[in-house]
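Chains as they are written, first to last, in our numbering: chain D, 12 to 227; chain R, 12 to 227. Written out below as structure tokens is the structure these notes cover.
Protein chains: 2
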Amino acid sequence: METRIENAAPEPCATPSKAETVLQAASRVFLTHGFSASTTDMIQREANVSKSTLYAHYPNKEALFTAVIEARCALLAVQLDDIPVAPGNLRQTLRALGRAYLEAIVAPEGLALFRVVVAESPRFPQLSRSFYRVGPSRVTARASEHLARAAAAGEVDVTSIGVEGAAQVFTGLIRGEPHLHYLMHPDARPSEEQVERWVEQAVTTFLLAFGRAGKG
Amino acid sequence: METRIENAAPEPCATPSKAETVLQAASRVFLTHGFSASTTDMIQREANVSKSTLYAHYPNKEALFTAVIEARCALLAVQLDDIPVAPGNLRQTLRALGRAYLEAIVAPEGLALFRVVVAESPRFPQLSRSFYRVGPSRVTARASEHLARAAAAGEVDVTSIGVEGAAQVFTGLIRGEPHLHYLMHPDARPSEEQVERWVEQAVTTFLLAFGRAGKG
DNA sequence: GTCTATATGAAGATAGAC
DNA sequence: GTCTATCTTCATATAGAC
Chain D
12 METRIENAAP EPCATPSKAE TVLQAASRVF LTHGFSASTT DMIQREANVS
62 KSTLYAHYPN KEALFTAVIE ARCALLAVQL DDIPVAPGNL RQTLRALGRA
112 YLEAIVAPEG LALFRVVVAE SPRFPQLSRS FYRVGPSRVT ARASEHLARA
162 AAAGEVDVTS IGVEGAAQVF TGLIRGEPHL HYLMHPDARP SEEQVERWVE
212 QAVTTFLLAF GRAGKG
Chain R
12 METRIENAAP EPCATPSKAE TVLQAASRVF LTHGFSASTT DMIQREANVS
62 KSTLYAHYPN KEALFTAVIE ARCALLAVQL DDIPVAPGNL RQTLRALGRA
112 YLEAIVAPEG LALFRVVVAE SPRFPQLSRS FYRVGPSRVT ARASEHLARA
162 AAAGEVDVTS IGVEGAAQVF TGLIRGEPHL HYLMHPDARP SEEQVERWVE
212 QAVTTFLLAF GRAGKG
């Protein structure tokens, strides 16, 4: 007799439950077409599941959408927390942090998530707040920590706008032109080198503004 | 006998044509609900017009949407071209340019337009490219001119990233945190002073990075 | 050009068998 | 829990009178 453990691990599953299957399918559909243009039929078909299976696990389209976005936000949170940052040189730290952040937001999935969250922000304000907390806020917070240490060590001088302000400026500089560019040019894709160059530009600018001589 | 000139001025009209009425109504509806969630019924009702009037002037929903976004982009272009910039002091120039840009993009209509353009960018790539050209590109171009002059006068040193790069950094710094923040917090509204502070922060940071001493 | 009325299809959600 | 079949509502778009 074959022992088959089903629904053992709800998160990452070898034999995913139907609920998980539906969620994954819904994720693809919603991130591709947005909330309103997505239909439960499309999701159902994408998941190879019947209509009532879908409705057995999620009461309605809104709830499914909410579940999808929250799951994506959780993934994003993990992704951003896991950025390895070798401590020591501030420039290196900012490079690593900035690069990981930029890669995350200009990646197709990152852009798709941003698109749908921004679009539905008036209808699902709580989702966009969630997204903001786990995304930009998290990166800014991490930058803030490193900047505070660097300021204490005399590597930077952020007295003009404060540590928090400088951290916000940093994440803003990283998003800068590229994020907007790829939002508006959905067919274009950034090369590795291009991302690298943007990060360099942002870090350089930041350190020109706040770095102290010799530490660049 | 009353002489009534109808359809004389297609753009801004005291007695707007039906086509104009429909366009205005569609503009409100699309910017509020996005493309897919908007229905021709809503537009029809908003315009106090019948269904066939709508279809007499626009072949279908897509064409109406395209017309709406293009009209908005044209308005935006005018708005950004009309920013008065007193030449002379670079800091003043950047303040004026930055402030007008930031006000435009965090205003409710600015956010609404951005939302819908970003959301529909995969489906209407030509519209998002249009938006990019008349919006961010235009501001960057204007900043570029002023920066080139300032560089020639020795007010700034942009050798590290070039005039174009510096201009992009500037518009990025202006968008920075606030644009993202208000995209993600649709109920919040910026105060005049808040906008002022953000502009100051951006300009200060920019001049710290590229300004030459004494000129700040 | 403009209206009322309607054709036609598809959406979200449910019923009932297994 | 899962499927097939269906109900109801509402969407886009059109027909035909004025």
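Backbone N, C-alpha and C define an ideal beta-carbon position, used for all residues, glycine too.
With a cut-off of 8 angstroms, does the C-beta of Gly176 (chain R) fall near any C-beta of chain D? yes
So is Ser49 (chain R) buried or exposed if we call it buried at 16+ other beta carbons inside 10 Å? buried
What does DSSP give as the partner residues of Val167 (chain D) in its beta bridges? D:Gly222
Would you kindly report the start and end of the unbroken alpha helix (DSSP H) that includes Thr104 (chain D)? 101-117
Stretch pair the stretch 168-176 of chain D + the stretch 68-82 of chain R: three plus CB contacts closer than 8 angstroms: no
Relative to the alpha-carbon of Leu86 (chain R), which residue among R:Gly146, R:Phe181, R:Leu219 has its alpha-carbon at the smallest distance? R:Gly146
When burial is assigned at 16 or more other CB atoms within 10 Å of the CB, is Ala4 (chain D) buried or exposed? Residue coverage of chain D in this structure runs from 12 to 227, which leaves residue 4 (chain D) outside it and unanswerable.
Consult DSSP for Phe142 (chain R) and reduce its assignment to one of helix, strand or coil. helix
Please report the straight-line C-alpha distance between His157 (chain D) and Phe135 (chain D), rounded to a whole angstrom. 33 angstroms
Once you ignore the five residues that flank Glu57 (chain R) on each side, which residues in its own chain have a CB closer than 7 angstroms to its CB? Ala36, Arg39, Val40
So which residues of chain R does Asp198 (chain D) contact, with C-beta pairs closer than 7 angstroms? Pro136
Enclosing alpha helix (DSSP H) for Phe76 (chain R) [first to last residue]: 72-92
Check whether the Cβ atoms of Val167 (chain D) and Leu101 (chain D) lie closer than 8 angstroms to each other. yes
Alpha carbon to alpha carbon, how far is Ala115 (chain R) from Gly45 (chain D)? 26 angstroms
Does any CB atom of chain R fall closer than 8 angstroms to the CB of Leu194 (chain D)? yes
Who are the near neighbours of Leu214 (chain D) in its chain, counting only those whose CB is closer than 7 angstroms to its CB and skipping five residues on each side? For the sequence presented, residue 214 (chain D) should be read as Val rather than Leu. Answer for Val214 (chain D): Arg102, Leu105, Arg106, Gly109, listed in chain order.
What residues in the stretch 203-220 of chain R bring their beta carbon closer than 7 angstroms to a beta carbon of chain D? Gln212, Thr215, Thr216, Leu219, Ala220
Looking at the secondary structure, which residues open and close the alpha helix (DSSP H) in which Ile185 (chain D) lies? 173-195
At 7 angstroms on the CB atoms, spell out the chain R contacts of Pro133 (chain D), in chain order. Pro197
Helix, strand or coil for Pro136 (chain R) per DSSP? helix
C-beta atoms of Ser139 (chain R) and Met195 (chain D) nearer than 8 angstroms: yes
Spell out whether any CB of chain D is found under 8 angstroms from the CB atom of Gly45 (chain R). yes
For Leu191 (chain D), would you say it is in contact with chain R, using Cβ-to-Cβ distances shorter than 8 angstroms as the test? yes
Excluding the five sequence neighbours on either side, which residues of its own chain have a C-beta within less than 6 angstroms of the C-beta of Trp209 (chain D), listed in chain order? Pro189
Using a Cβ-Cβ cutoff of 7 angstroms, what residues of the stretch 137-166 of chain D are near chain R? List them in chain order. Ser139, Arg140, Phe142, Tyr143, Pro147
Between the Cα of Val60 (chain D) and the Cα atoms of D:Asn71, D:Pro70, D:Lys29, which residue gives the shortest distance? D:Lys29
Excluding the 5 residues flanking Pro201 (chain R) on each side, which residues of the same chain have their C-beta closer than 6 angstroms to its C-beta? Val117
Do Arg149 (chain R) and Ala88 (chain R) have their C-beta atoms closer together than 8 angstroms? yes
Give every residue of the same chain whose Cβ lies closer than 7 angstroms to the Cβ of Tyr193 (chain R), excluding the five residues on either side of it in the sequence, and list them in chain order. Val117, Leu122, Ala199, Pro201
Determine, for Gln55 (chain D), whether the minimum Cβ-Cβ distance to residues of chain R falls below 8 angstroms. no
Answer yes or no: does any C-beta atom of chain D fall closer than 8 angstroms to that of Ser171 (chain R)? yes
So, using beta-carbon positions, are Gly222 (chain D) and Gly187 (chain R) closer together than 8 angstroms? no
Same chain, Cβ closer than 7 angstroms to Lys72 (chain R), neighbours up to 5 away in sequence not counted: Thr51
Using DSSP with H/G/I as helix, E/B as strand and the rest coil, what is Ser254 (chain R)? For chain R, the structure presents residues 12 to 227; residue 254 (chain R) sits outside this window and is missing.
Just to confirm, are Arg5 (chain D) and Ala130 (chain R) a CB contact at a threshold of 8 angstroms? This structure cannot speak to residue 5 (chain D), because chain D is shown only from 12 to 227.
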